[in-house]
Amino acid sequence: MPAYQVKFAYLTKYRQTRHLYHQLVIADDEASALARGRLMMNRRSPNARIVHESCVLRPDSSEVESATAQGWTLNDNWWSRPIKPDDDLAAIAEHGFAHSNHIHAKSAMDCVAIDKRAA
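For the sequence shown, our numbering begins at 1242 and goes up steadily by one.
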């Protein structure tokens, strides 16, 4: 599934200043990416009034697709997957870290680099 960058500009109930919210969303198409982005933003600021929204296909979408194909999942802007026996510890140390039998990386590019060195 492709990766989209979802951006919202919104106003809160208490202040009339404009806030920005942007998030990486993995979805089938732009409409479902916007719907998931609205759901995530609603958890963060339930009383927000959306002024503007946009959804753009990310340039690293192919890396995100290959990372999810290798078993990586995205949680709170961190990619993680269980440690495999053939993983290279030097690659994990260079591109992320290991904790509780899971590898964590900050970007999809780091996930692809860890998987390349493991193969």
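Where a beta carbon is used, it is the ideal one built from N, C-alpha and C, also for glycine.
CB of residue i within 8 Å of CB of residue j, strictly
i	j	result
L1265	A1250	no
D1327	A1354	no
A1349	W1320	yes
Bounding residues of the alpha helix (DSSP H) (the contiguous stretch that carries residue i)
i	result
G1312	It is not in any alpha helix (DSSP H) - G1312 carries neither H nor E in the DSSP assignment.
S1273	E1271 to R1285
Sequence-distant residues of its chain with Cβ nearer than 7 Å to residue i (five each side left out)
i	result
E1324	Looking at the sequence shown, residue 1324 is not Glu but Ile. Around I1324: A1339, N1342, H1343 and I1344.
M1281	Q1264
G1312	R1322
Beta-carbon proximity list for residue i, same chain, < 6 Å, skipping 5 on both sides
i	result
L1315	none
K1248	H1263 and S1295
Residue-level contact to chain B via CB, residue i, 8 Å cutoff
i	result
H1343	Among the chains of the structure shown, chain B does not appear; only one protein chain is present.
Whole-angstrom distance between residue j and residue i, CA atom to CA atom
i	j	result
D1351	A1274	23 Å
R1277	K1347	21 Å
Q1246	R1285	17 Å
E1335	D1301	20 Å
L1298	I1333	28 Å
Y1255	R1279	20 Å
L1330	D1270	36 Å
Other residues of its chain near residue i: CB distance less than 8 Å, five sequence neighbours each side excluded
i	result
K1283	Here residue 1283 turns out to be Asn, not Lys, going by the sequence shown. A1289, listed in sequence order.
A1308	W1320, A1349, C1352, V1353 and D1356
Limits of the unbroken beta strand (DSSP E) element including residue i
i	result
S1348	S1348 -> no beta strand (DSSP E), and no H or E assigned at all.
A1268	Per DSSP, A1268 belongs to no beta strand (DSSP E) and is neither H nor E.
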